[in-house]
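Engineer: Taking numbering that gives the first Met the number 0, I'd label the letters of the sequence shown as residues 0 to 403.
Note that CB positions come from ideal geometry on N, CA and C, so glycine has one too.
Got a structure for you, questions after.
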Amino acid sequence: MEPEKPQLDEQIRDFVRRHVALAEAPAAAIVTEATEYLADEADPALVEARAWPIVSAEMSAHLAEQARWPEVTDNDRLTAAFRALSAAGLVARENFACCQNCGTAEIGDEVPRGRTARGYAFYHQQDAERGVEGSGVHIAYGLFEQPPTADIGEEVAAALRAKGLTVRWDGNPGARIMVPLTWRRRRVGRLAALPAPADDDVDIDVKLLDRWTGAYAPTGGRWSAARLVGLHLPWLPAGVRLRLGYGDAVVVVRREGPVLVGEQDRRELTVDRRHGMDLVRQLTGRPVRAVDAPPPPDFLDATYQYRDDVQKDVPLEAAEACLLLRAMRPLSRDFLSAFGRSGGCVQVAWERDGLWLEELDVARATSTGRIATVAEAERMLTVLATEDRIPLDELGGDLVTKRW
C-alpha cells in the first residue's frame, strides 16, 4: 500500500533536504536518487513527479541562505584540512564510501599507481549525513594494513585545528576524531542550477548526435524543455550536438564559446548559453522573447577530472572553476585544464611537491609555471574567465618552462 501524499511528500522532503545540503549532486540527480531511495514505498513515476517541486523549493532555499553565509565556512575549513593532510602524504577523503567498514576496506584503492601514502583519514556518507543534521563529523584515520596509531591521530587533529576547527579526541587510537561544525557547503554553477523559469514549458524529443561524457550527462528521450534548458544546455560540451524535436519541427543545437546556436531549416539563432528557452520557442513556432543584454564575460572552456568523473570541453564560470579547484585532492588523479575565450590555457594538478600551475603555449608546445598556492591558482582562473588573460608575469617566483 502506497503512503498518503502528505506522508510521501515528507519522506521525499527529508531525503531532498539532506542531499541539497550535502551539495554533491545537481538537481536532476537528486530527483533520480530520491526515486530510487523510495522505490519500495511508492510508484517511481509518482515519486519523481512529487520530487521535482520539492527539489526546486529546497534548492532555492539553500541558495538564498548561502548568500548570507560567511566567506569561509566550517566545511571550507574541513576541505582545506583534508587537502593539507593529503599533501602531507595521507590519503584524506571527504564523504568517502557508504560506511566505516567499506571506507576502511576501500581507502587503499585511492592511492594512485606509482605513488605511496603513509596512512589515511576519511569520513563516510553516513557521517556526512549526520553532519548535515548538526551532529558534526567523525573522522577515521590509520595506517594501511596496520592498527591506527596515536601519532597519525594527532597529525589529523593538528591539521584540523590549524584550519580553525574544534577537535574532540582524547588521544585514544581506537577512537575516531569528532569535529563539531555547522554544515554549510556552497552550490555554484551546475550544482546550483534549477529548471528554467518558463510559463510556456513544453515536452520535447531530445536526441544526442554526439557523445556527451560525464556522470550527469543527459540521455535522449522525452524531456521537459525547462529542465533541459536550465539543467543541461548551459553546460553543453563543445562538439556535442543535440537534436530537439517538437511535432515535425527540428532544431539542432550546438555551443560555440559562451553562446548556443540553434539551426533550423538552414537558419540559425544564437543566444546566451543560459537562454536556451528561446531555441525551444523557435522550435515550437512561438515568438522569441526579447532578452536583457548579456551579462559581463565570465567564461572558461574546461576539461577536468574529479573523483574519477571526467568532463570534457564544458563551459564554466570563474566561481565554478574555483570550487572545483578547491575540491581537487592531492594524492589523486584530479586535474583541471581551462581555456579562455581567446584560447589561453591554465592547467592545474597536484604533483608530489604540491599544486602545479602552468600556462600552456600550444604554438610553441611548451608550458610555463611553478608550484603554487590554491589562492594563486584561483586568481589565474578568475582572471582568465573574466578578463581573458593569464597574469603569469604577476605570479612571481621561479617559473619553469617545459617542452612537451
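(1) If you count every other CB in all the chains shown that lies within 10 Å of the CB of Phe143, and 16 or more means buried, which is it?
(2) So Gln124 is in the alpha helix (DSSP H); what residue range does that whole segment cover?
(3) Answer yes or no: the CB of Leu259 versus the heavy atoms of the ligand ATP, is any distance below 7 Å?
(4) Just to confirm the assignment: which complete alpha helix (DSSP H) runs, minimum length 4, are found wholly within the stretch 247-289?
(5) If you run the structure through DSSP and keep just helix, strand and coil, what is Val155?
(6) Determine, using beta-carbon pairs with one atom in the stretch 202-209 and one in the stretch 34-54, whether at least three such pairs fall under 8 Å.
(7) Which of helix, strand or coil does DSSP assign to Ile389?
(8) Measuring alpha carbon to alpha carbon, tell me which of Asp307, Leu356, Gly339 and Gly353 ends up nearest Asp333.
(9) At 3 residues or longer, and completely inside the stretch 75-154: list those beta strand (DSSP E) runs for me, N to C.
(10) Do you know whose CA, among Gly339, Val155, Arg16 and Trp234, lies nearest Gly406's CA?
(11) Going straight from the alpha carbon of Ala237 to that of Val252, what length do you get?
(12) Under 8 Å, do Ala337 and Ala320 count as touching if we go by C-beta distance?
(13) What whole-angstrom Cβ distance do Val166 and Ile176 have, given they're in contact under 8 Å?
(14) Would DSSP call Ser366 helix, strand or coil?
(15) Are the CB atoms of Thr34 and Ala50 nearer to each other than 8 Å?
(16) Determine, using beta carbons only, whether Ser331 and Trp349 come nearer to each other than 8 Å.
(17) Out of curiosity, what's the CA-to-CA distance linking His61 and Trp403?
(18) Drop a sphere of 10 angstroms on the beta-carbon of Ala161, count the other beta-carbons inside from all chains shown, and report buried for 16 or more, exposed for fewer.
(19) Thinking C-beta only, is Gly88 closer than 8 Å to Phe95?
(20) Mind checking Asp264: buried by the 16 CB within 10 Å criterion, or exposed?
(21) For Arg266, does the count of other Cβ atoms within 10 angstroms reach 16, so buried, or fall short, so exposed?
(22) Trp222: which of Tyr245, Gly395 and Pro390 sits nearest, CA to CA?
(23) Measure the Cβ-Cβ separation of Pro257 and Pro314 and say whether it is below 8 Å.
(24) Is the distance from the Cβ of Thr372 to the Cβ of Ala317 below 8 Å?
(25) Please name the residue or residues paired with Val309 in a DSSP beta bridge.
(26) Going by beta-carbon coordinates alone, are Leu335 and Thr367 separated by less than 8 Å?
(27) Would you mind sorting Ala374 into buried or exposed? The rule is 16 or more other CB atoms within 10 Å of its CB.
(28) Report yes if the C-beta distance between Ser328 and Asp387 is below 8 Å; otherwise report no.
(29) Take the Cβ of Gln310 as the centre, count every other Cβ of all protein chains shown within 10 Å, and call the residue buried at 16 or more, exposed below.
(30) Got a sec, what are the start and stop residues for the beta strand (DSSP E) Arg221 sits in?
(31) Where Pro25 and Thr365 are concerned, what is the direct C-alpha to C-alpha distance, given to the nearest angstrom?
(32) For the stretch 180-191 against the stretch 63-83, do three or more pairs of beta-carbon atoms, one drawn from each stretch, fall closer than 8 Å, so that the two count as touching?
(33) Can you tell me which residues form a DSSP beta bridge with Asp360?
(34) Using the Cα positions of Ser59 and Arg117, report the straight-line distance between them to the nearest angstrom.
Structural biologist: With the given structure in hand:
(1) Around the C-beta of Phe143, fewer than 16 other C-beta atoms lie within 10 Å, and the residue is accordingly described as exposed.
(2) It spans Gln124 to Val131 - the alpha helix (DSSP H) in which Gln124 sits, taken as one unbroken run.
(3) The ligand content of the structure shown is nil, which means the ligand ATP is not present either.
(4) Fully enclosed alpha helix (DSSP H) runs of 4 or longer: 276-283.
(5) Val155: helix per DSSP, three-state reduction.
(6) Verdict: no, contact absent.
(7) Residue state, collapsed to three classes: coil.
(8) From the listed residues Asp307, Leu356, Gly339 and Gly353, the smallest Cα separation to Asp333 is found for Asp307.
(9) The stretch 75-154 contains, as complete beta strand (DSSP E) runs of 3+ residues, the segments 89-92, 118-121 and 136-141 (chain order).
(10) This structure cannot speak to residue 406, because the chain is shown only from 0 to 403.
(11) Rounded to the nearest angstrom, the gap between the Cα atoms of Ala237 and Val252 is 11 Å.
(12) If you check the CB distance, Ala337 and Ala320 come in under 8 Å.
(13) That belief holds up - the Cβ atoms of Val166 and Ile176 are roughly 6 Å apart, short of 8 Å.
(14) Three-state DSSP puts Ser366 in a strand.
(15) Closer than 8 Å, so yes.
(16) Yes, these two residues count as a Cβ contact at 8 Å.
(17) Rounded to whole angstroms, the gap between the alpha carbons of His61 and Trp403 is 45 Å.
(18) Burial is judged here by how many other beta carbons sit within 10 angstroms of a residue's own beta carbon; Ala161 has fewer than 16 and is exposed.
(19) No; because the gap between Cβ atoms is not below 8 Å, this pair is not in contact.
(20) The C-beta of Asp264 has fewer than 16 other C-beta atoms within 10 Å across all chains shown, which makes the residue exposed.
(21) Arg266 comes out exposed.
(22) Here the closest residue by C-alpha is Tyr245.
(23) Yes, they are a contact pair.
(24) Going by C-beta atoms, Thr372 is not nearer than 8 Å to Ala317.
(25) DSSP lists Gln304 as partners of Val309.
(26) No; because the gap between Cβ atoms is not below 8 Å, this pair is not in contact.
(27) Of the residues assessed, Ala374 falls on the exposed side of the cut-off, its CB having fewer than 16 other CB atoms within 10 angstroms.
(28) Inspection of the sequence shows that residue 328 is occupied by Arg rather than by Ser. Against a cut-off of 8 Å, the Cβ pair of Asp387 and Arg328 comes out as no contact.
(29) The residue is buried, with at least 16 neighbouring Cβ atoms inside 10 Å.
(30) Unbroken beta strand (DSSP E) run through Arg221: Gly220 to Ser223.
(31) Here the alpha carbons of Thr365 and Pro25 stand approximately 37 Å from one another.
(32) Yes: the two stretches touch, three or more of their Cβ pairs being nearer than 8 Å.
(33) BP columns for Asp360 point to Thr365.
(34) The alpha-carbon atoms of Ser59 and Arg117 are separated by roughly 42 Å.
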